[in-house]
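J.:
There are 4 protein chains.
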Amino acid sequence: MTTDRPDQPSFAATDSGTHGETGPHGPPRPRTGVWLLGARGSVGTTVTAGWAAVTAGLHPPTGMVTETAPFAGCGLPPLADLVIGGHDTSGCPLPKRAEALVTGGVLPHGLPAAVHAELAAVDAAIRPGGPRPGEDRTDEEMIDSFAADLAAFTTDHGLDRTVVVNVATTEPVPAPGDDRLPPSSLYAAAALRAGCPYVNFTPSAGLRHPALADAVAHRGLPHAGRDGKTGQTLLRSVLAPMFLHRALTVRAWSGTNLLGGGDGAALADPAAAAAKNAGKARVLADTLGSVPEGRVHIDDVPSLGDWKTAWDHIAFEGFLGSRMVLQTIWQGCDSALAAPLVLDLARLVAAAHATGISGPLPELGFFFKDPDPGAPSDLAEQWRALLAFADRLRGES
Amino acid sequence: MTTDRPDQPSFAATDSGTHGETGPHGPPRPRTGVWLLGARGSVGTTVTAGWAAVTAGLHPPTGMVTETAPFAGCGLPPLADLVIGGHDTSGCPLPKRAEALVTGGVLPHGLPAAVHAELAAVDAAIRPGGPRPGEDRTDEEMIDSFAADLAAFTTDHGLDRTVVVNVATTEPVPAPGDDRLPPSSLYAAAALRAGCPYVNFTPSAGLRHPALADAVAHRGLPHAGRDGKTGQTLLRSVLAPMFLHRALTVRAWSGTNLLGGGDGAALADPAAAAAKNAGKARVLADTLGSVPEGRVHIDDVPSLGDWKTAWDHIAFEGFLGSRMVLQTIWQGCDSALAAPLVLDLARLVAAAHATGISGPLPELGFFFKDPDPGAPSDLAEQWRALLAFADRLRGES
Amino acid sequence: MTTDRPDQPSFAATDSGTHGETGPHGPPRPRTGVWLLGARGSVGTTVTAGWAAVTAGLHPPTGMVTETAPFAGCGLPPLADLVIGGHDTSGCPLPKRAEALVTGGVLPHGLPAAVHAELAAVDAAIRPGGPRPGEDRTDEEMIDSFAADLAAFTTDHGLDRTVVVNVATTEPVPAPGDDRLPPSSLYAAAALRAGCPYVNFTPSAGLRHPALADAVAHRGLPHAGRDGKTGQTLLRSVLAPMFLHRALTVRAWSGTNLLGGGDGAALADPAAAAAKNAGKARVLADTLGSVPEGRVHIDDVPSLGDWKTAWDHIAFEGFLGSRMVLQTIWQGCDSALAAPLVLDLARLVAAAHATGISGPLPELGFFFKDPDPGAPSDLAEQWRALLAFADRLRGES
Amino acid sequence: MTTDRPDQPSFAATDSGTHGETGPHGPPRPRTGVWLLGARGSVGTTVTAGWAAVTAGLHPPTGMVTETAPFAGCGLPPLADLVIGGHDTSGCPLPKRAEALVTGGVLPHGLPAAVHAELAAVDAAIRPGGPRPGEDRTDEEMIDSFAADLAAFTTDHGLDRTVVVNVATTEPVPAPGDDRLPPSSLYAAAALRAGCPYVNFTPSAGLRHPALADAVAHRGLPHAGRDGKTGQTLLRSVLAPMFLHRALTVRAWSGTNLLGGGDGAALADPAAAAAKNAGKARVLADTLGSVPEGRVHIDDVPSLGDWKTAWDHIAFEGFLGSRMVLQTIWQGCDSALAAPLVLDLARLVAAAHATGISGPLPELGFFFKDPDPGAPSDLAEQWRALLAFADRLRGES
């Protein structure tokens, strides 16, 4: 990176040891770390490849909410000033993962080659995750180790701050009475320990584990969650208010999701699916005031890879008991839908931290299935809350 | 009607000549006229039958927005205090029309019998419409005649005001250079002449005809339009903002509507369909900033009767150019969707008139495909504007 | 019934004790019994009401295969010469059940009144089923009792034969090692004992229970099964051959069924659903040579009543690995689809019996999800087999 | 090509001038020409690229009916013994066209490079088509010129015969009274003149033009058509018989097709769409005995490229007038569906010619929307006719 090409991405490897660098004409630009839990997964790889591609001007920032007009001038870190690293239990190099995503239709042909340097640099900044099979470290030891990774990354790259974002595979809902911290909460505890703002893009427990409640309250860090809203639930969060405001009675809302990839396999585990489905049902219950009839299925269909098909069938009742039906079929690529939102969230939470905002951020409910307490469930109201948050970042509210 | 049964509907026939009536315990209740242009059509008949059924407690007011909590206490005329009349060129009695709607699955079995008295009473208050085949009256003569009908209805029933609502079949878009007022505008001119607030629930010209512009400006009446938003466009008005706010690029938005009934036959006329489709495209253009690729078809399928099936196919692009698709299939009964909104609009515009509000009402854009100038196109913003309008009626804003 | 009105239905009550009756001009017409197991269920009631309505000329025989041209002249008993009875554990009178089916949209308004006499007559011929709660009879005693009911019905009405058709609710798949005969097999054993041809329109065990194998082999009766093919599987039996013959590779075939009514509730039991799904998967496996990826869900959605919605998603691969998708959405009324096929089967099996045909009837695979051994799985081939069977009944093959 | 690698494709360029070549161990292998009208279009390019890829073992022959078991041993020319050439008015080289099809998602990445030699060789064998803009040749001159191209190709490559296949863009239906031969018929006349068997994979007039009737009758060549059945009509040809055989009454059958690419643009011309739609309606009329209500739309949606989405809505009636609906959504790549069938047809018609079969081939109706007179319209019966044709080629019938 050279300061006379400010639109080029800064990435880890090329400037290792260069923190504190001073450009020819002034002080160094402040930079922000984005630490991906699950950095080598489909979403993590798409975040990194996409960030590199958009920063290099190879693609427009389609799908990135923070690149639209309403977010101009609210102090978000420029994409070019992000530095990406992460944890992962997989050792598969990012360039290879990116090629696999090309085969799966997630990334465009040629992209991995075009951003190979950036992929390799981020890959070098990925540290081993845990617990590993046969893990013999205690929870405390793992938390310490993860927190040390975060601190080293921040220091080594001279970052102002590092936002931790969980994009790892969905964990099963913990069995009742299980006292052990799940992996997502080990990482969340490490973020707290290292003073890092935290975002949970998955339905896993993360920072919401009861055992972390005290630490969360005392650390004074901004954090946001939970479970990114990318497809079926996104739709539900605009359709349910439509029925409500039009005084139409929803009788039954049924849904089936077909998907392959790692997510499909993980969600074939009923406990993991239960975590996912809780968020899907929540938007209906919160909006409509009660849970209508109907179930949600998540089927693993390996042939579909990272592409998801979601069918929803909504039986509703109108004037004089007339029975009507709305059906929706959503065919989308989850990783492509999630990745830009991950970048949005990292930037928004980084700006919140810079502004001194702490605690949960219900204003970011626009991005989540299961947002922080106090968030509205209607997407339109979530959008207004997000715009108000942008104003707050500008110091306008 | 007796004043000790305030939940019972008041209808035209039972109290003919009783205007100015005084209940045992006080002054007469103010009553409001609802004058339906096309009173014997599917929508008109469903309005009357449904109003009678809901007022009698036979059905809950599902689909009536003004019966939901946010509209309590804002001075709307109670359903029981509405008196319905109208114009129609058809002479088919309302009870018979209602039976036909039972056969078509629009009205529930038994309803026409249960509200036969009310149907017969409203039927008696329906005046012949025009122009008739071989009509020899001038436009002025017809306007005078229609206005006299409105005045007589208001006087005969001792009404505080009469709101005129156009629910007649969609007119073709006038040919360029055609100076003759279309029927919908003759009726609109009559409403102006008779001092009646006016609502246009169809895409026809009505009050928006350029020849009426001066009269509209000088009469100081509240009016609202145009083209009730009941199905496919309702959906579009929540889905288009979703794509916009999520920074997803809509590439193509295609739609096909299948419907029978009178509406299907009328819209098989390309000129009438053009009027209808203009509203459907408008919401996309207004929300997305440009019209995406794709066409809208309206097919007459007599077998489907008053039930409409609308398929929409939305091709959109996400992060890194990924191509995704949303499809929606809406199976609804247009008359059952429209009728409660007609009652909502009549009540809201009547309350506006009572409060001294005049001119176009963009705050009622929630109900329309092609709302009055200044209205937002996003359903959520339209909802907020409607809530603000309710506050204004309460004198709160 | 009088013999000079040969097109009118003959039903049980009006001619009790009149078997052997001789009309004014000749010998008695031979008549055929149809004994419905589950006569008061949705399918059973629709069979009886529909048979009465079609016989009386109130409705055309839509959906009845045996009323189409290819089956003319092959000796099927005329509809007017059927006499219906049955077993049921429910005591709810047929006329009342029929009214409930009107409310549910299965039967047209007015039909129960129009055929009240026939419904009442058949109702009088329904005998209590079993096992009842707290049943203390042995299996043998129940079989004897059911067989006695069949014999008495045949004798009392002077019938040439009585075909037993199982249209009762689907039974759970028996647990491994469970030696007790399930109810469907008790009835099947009774049919064997009483010398009645037998049809199993459900996925329950019925005559296929291993304990009945010897009796089936020795009784020399025609019998057909299993599990009527009315919707999703019907579609699959024409779509799967299309993919096969076009050399397109089916990668995944996923399905979701939403239905209410008794069937929805029964199939919410995973063991009952397993019985149902086995048939659905069978057609794919038999046609395609292997079971593709994908699951089938059956959800109980009480709001939908007897109307079923089935969504299928078929991911297939074409030339050069191109990935394509076919989706189907079927919205049908299961009882209305099943009932005419039940009448078809009763007539065909009765004619087989009259012709001296015995044993399983793979030629009737057209009607079943899980047909008798030797039947093709492709609907078109099943149709050809059925036409050949008609020829055989005519003595032409 | 060397004879010790019999599985490798033989293509035009590498053996120019080598006809009559003799391998080390015997006489030359007979080879068959495939002459594509529209060789540089999407279908033509996919045929050539796919033929090369399958012959080289890079892809399995998915979608090629003639590579399935029932067609073994019936004397079809092996894929490796085909030689491809053609006419086109476009001068864009095949390798470049193939790259464009990769971008459009029709061909897999890497394929154009892998078969570059074959693409280049076929490209060299493509002759200029016509009429060109400002064409000054008479019809006779053009026919002579095209016929000469065919004769030269056959001679130069030492081919036993050359089958001409029309895969060019759909022509508008000729205006009534237009005596001029449309381009498709000029080429068809050239095929006749050159003694080449002929296949029309498009809805254009081709050999069916009345002006060619005498020549067709006297030339004694096998020919087959018309309008390849790849998607919506394929489905209709299995679904319509299902409704028919089940005695269900189809009330309305409506369809909308969305597609981009050259085909979408061409079919935006109502006259071209009329040609296409005639075939789609034909299968319904022929199967159901009458044309149900409903229309078919073909919309040009450039964003969709060569991928087509077809929605069908079928309203049907069952027992006792019950109203039901089937909807299908087909998302396929027309070129990928068409190309293997083009190879199938070329091989089948070549074998017919070799066997001495001449005239129209209704036995190939399996492949066409608008098959030759005498063909059944039901896909299953067409399949049986095709199997019988294979037997005939084997000399078995």
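These protein sequence lines map, in sequence, to chains W, L, D and X. One point on numbering: in numbering that gives the first Met the number 0, the residue at position 366 of the first sequence is 365, and numbering is uninterrupted. One point on numbering: in numbering that gives the first Met the number 0, the residue at position 243 of the second sequence is 242, and numbering is uninterrupted. One point on numbering: in numbering that gives the first Met the number 0, the residue at position 241 of the third sequence is 240, and numbering is uninterrupted. One point on numbering: in numbering that gives the first Met the number 0, the residue at position 356 of the fourth sequence is 355, and numbering is uninterrupted. All C-beta atoms in this analysis are idealised placements derived from N, C-alpha and C, irrespective of residue type, glycine included. From a predicted model like this one, the values you see are computed outputs, not experimental measurements.
1. Taking its Cβ as the centre, do 16 or more other Cβ atoms sit within 10 Å of X/C91, making it buried, or is it exposed?
2. Could you name the residues that DSSP lists as bridge partners for X/H254?
3. For D/F152, does the three-state DSSP call read helix, strand or coil?
4. Entirely within the stretch 147-234 of chain D and at least 4 residues each: give me those alpha helix (DSSP H) ranges in chain order.
5. Do D/D311 and D/Q231 have their CB atoms nearer than 8 angstroms?
6. Can you give me, in chain order, the residues of the stretch 309-330 of chain D that have a beta carbon less than 8 angstroms from any beta carbon in chain X?
7. Alpha carbon to alpha carbon, how far is W/L36 from W/T88?
8. Figure out for me which residue from D/V295, D/F242, D/A337 and D/L392 has the closest Cα to the Cα of D/F315.
9. Can you tell me which residues form a DSSP beta bridge with X/V237?
10. Which of the three DSSP states is assigned to W/A12 in this structure?
11. Which same chain residues end up closer than 8 angstroms to L/I142 when comparing Cβ atoms and leaving out the 5 residues on each side of it in sequence?
12. Which of helix, strand or coil does DSSP assign to L/L287?
13. Does chain W have any CB closer than 8 angstroms to the CB of D/R250?
14. Can you tell me which residues form a DSSP beta bridge with D/R126?
15. Can you list, in chain order, the residues of its chain with a C-beta nearer than 6 angstroms to that of X/P76? Leave out the 5 residues immediately preceding and following it.
16. Have a look at X/E395, X/G304 and X/L392 and flag the residue whose alpha-carbon is nearest the alpha-carbon of X/G104.
17. Quick check on W/R322: does DSSP put it in helix, strand or coil?
18. Residues of the stretch 283-306 of chain X in Cβ contact with chain L at a cutoff of 7 angstroms, in chain order, please.
19. Once the 5 residues before and after L/R383 are set aside, which same chain residues still bring their CB inside 7 angstroms of it?
20. Do W/P181 and W/A204 count as a contact pair if the criterion is CB distance below 8 angstroms?
21. Considering Cα atoms alone, identify which of D/D390, D/T137, D/P29 and D/L57 is closest to X/F397.
22. With DSSP collapsed to three states, give me the class of W/P359.
23. Return the chain-ordered list of same chain residues with a C-beta closer than 7 angstroms to the C-beta of W/A68, the five sequence neighbours on each side being excluded.
24. Grab me the residues of L/P375's own chain with a C-beta within less than 6 angstroms of its C-beta, minus the 5 sequence neighbours each way, in chain order.
25. Between which two residues does the alpha helix (DSSP H) containing D/L110 stretch?
26. Would you decide whether X/E362 is buried or exposed? Buried here means 16 or more other CB atoms lie within 10 Å of its CB.
27. Apart from the five residues just before and just after X/E20, which ones in its own chain have a Cβ nearer than 6 angstroms to its Cβ?
28. Which residues in chain W sit within 7 angstroms of D/L257, going by Cβ to Cβ distance?
29. Grab me the residues of D/V300's own chain with a C-beta within less than 7 angstroms of its C-beta, minus the 5 sequence neighbours each way, in chain order.
30. If you run the structure through DSSP and keep just helix, strand and coil, what is W/T67?
31. Would a check of beta-carbon distances place W/H108 closer than 8 angstroms to chain X?
32. Cα-Cα, which of L/D377, L/E134 and L/D80 is closest to L/L287?
33. Does DSSP put D/G74 in a helix, in a strand, or in coil?
34. Tell me which same chain residues have a C-beta within less than 6 angstroms of the C-beta of W/V198, skipping the five on either side of it?
35. Are there 16 or more other CB atoms within 10 angstroms of the CB of L/K307, so buried, or fewer, so exposed?
36. For D/A272, which of D/R281, D/H296 and D/G254 has the nearest alpha-carbon?
T.: To lay it out plainly:
1. For this step, residue 91 of chain X is matched to residue 92 along the fourth sequence. Label assigned to X/C91: exposed.
2. Numbered from its first residue, the fourth sequence carries residue 254 of chain X at position 255. Sequence check: residue 254 of chain X is Gly here, not His. According to DSSP, X/G254 bridges with X/V295 and X/D311.
3. As a first step, residue 152 of chain D must be located in the third sequence, where it is residue number 153. Correct three-state label for D/F152: helix.
4. 182-192 and 212-218
5. On the third sequence, position 312 is the one that residue 311 of chain D refers to. On the third sequence, position 232 is the one that residue 231 of chain D refers to. Taking 8 angstroms as the Cβ cut-off, D/D311 and D/Q231 qualify as a contacting pair.
6. E316, G317, F318, L319, G320, S321, M323, V324, L325, Q326, T327, I328, W329 and Q330
7. If you number the first sequence from 1, residue 36 of chain W lands on position 37. If you number the first sequence from 1, residue 88 of chain W lands on position 89. About 9 angstroms.
8. What you label residue 315 of chain D is simply residue 316 of the third sequence in a count that begins at 1. Here the closest residue by C-alpha is D/F242.
9. By one-based count along the fourth sequence, residue 237 of chain X stands at place 238. Bridge partners of X/V237: none, in fact.
10. As a first step, residue 12 of chain W is located in the first sequence; it is residue number 13 there, counting from the start. With a pLDDT of 36 at W/A12, under the threshold of 50, the modelled position of that residue is not reliable, and the figure given next carries that caveat. It is helical.
11. The sequence position of residue 142 of chain L within the second sequence is 143, counting from 1. L185, A188, A189 and R192, listed in sequence order.
12. As a position in the second sequence, residue 287 of chain L is number 288, starting the count at 1. Three-state DSSP puts L/L287 in a helix.
13. Translated into the one-based positions of the third sequence, residue 250 of chain D becomes position 251. Answer yes: the Cβ-Cβ gap between D/R250 and chain W drops below 8 angstroms somewhere.
14. Along the third sequence, read from residue 1 onward, the residue named residue 126 of chain D stands at position 127. In the DSSP output, where bridge partners are listed per residue, D/R126 has D/H86.
15. The count along the fourth sequence starts at 1 and reaches residue 76 of chain X at position 77. T31, R346 and A349.
16. Indexing the fourth sequence from 1 puts residue 104 of chain X at position 105. Measuring from the Cα of X/G104, the nearest candidate turns out to be X/G304.
17. For the purposes of this step, residue 322 of chain W is taken as the residue at position 323 of the first sequence. Of the three classes helix, strand and coil, the one that applies to W/R322 here is strand, per DSSP.
18. E292, G293, R294, H296, D298, V300, P301, S302 and L303
19. Counting from one through the second sequence, the residue named residue 383 of chain L turns up at place 384. Closer than 7 angstroms at Cβ, skipping near neighbours: no residue.
20. Within the first sequence, residue 204 of chain W is the residue found at index 205, counting from 1. Within the first sequence, residue 181 of chain W is the residue found at index 182, counting from 1. Yes, these two residues count as a Cβ contact at 8 angstroms.
21. Because chain X spans 0 through 396 in this model, residue 397 of chain X falls outside it and cannot be assessed.
22. By 1-based counting over the first sequence, the position of residue 359 of chain W is 360. Residue state, collapsed to three classes: strand.
23. Here residue 68 of chain W corresponds to residue number 69 of the first sequence, with the count starting at 1. Excluding sequence neighbours, W/A68 sits near nothing in its chain.
24. Translated into the one-based positions of the second sequence, residue 375 of chain L becomes position 376. Q381, listed in sequence order.
25. Mapped onto the third sequence, residue 110 of chain D falls at position 111. Note, D/L110: alpha helix (DSSP H), L110 to A113.
26. Here residue 362 of chain X corresponds to residue number 363 of the fourth sequence, with the count starting at 1. With 16 or more Cβ atoms within 10 Å of its Cβ, X/E362 is classed as buried.
27. Here residue 20 of chain X is taken as the residue at index 21 of the fourth sequence, counted from 1. The pLDDT assigned to X/E20 is 43, lower than 50, so where the model puts this residue is not dependable; a value taken from the coordinates is nonetheless given after this. Taken in chain order, the residues that qualify are P27.
28. Numbered from its first residue, the third sequence carries residue 257 of chain D at position 258. By Cβ distance, chain W contributes S253 and H312.
29. In the third sequence, residue 300 of chain D corresponds to position 301, counting from 1. So the qualifying residues of the chain are L257, L258, G259 and G263.
30. Along the first sequence, read from residue 1 onward, the residue named residue 67 of chain W stands at position 68. DSSP places W/T67 in coil when its eight states are reduced to three.
31. Position 109 of the first sequence, counting from 1, holds the residue named residue 108 of chain W. Yes, its Cβ sits closer than 8 angstroms to a Cβ of chain X.
32. The sequence position of residue 287 of chain L within the second sequence is 288, counting from 1. Answer by Cα proximity: L/D377.
33. Numbered from 1 along the third sequence, position 75 holds the residue referred to as residue 74 of chain D. In the structure shown, D/G74 sits in coil (DSSP, three-state: anything other than H, G, I, E or B).
34. Residue mapping note: residue 198 of chain W aligns to position 199 of the first sequence, counting from 1. If we look at W/V198 and ignore the five residues flanking it on each side, its Cβ neighbours are V164, A223, L344 and V348.
35. Here residue 307 of chain L corresponds to residue number 308 of the second sequence, with the count starting at 1. Buried.
36. If you number the third sequence from 1, residue 272 of chain D lands on position 273. Of D/R281, D/H296 and D/G254, the residue nearest in Cα terms is D/H296.
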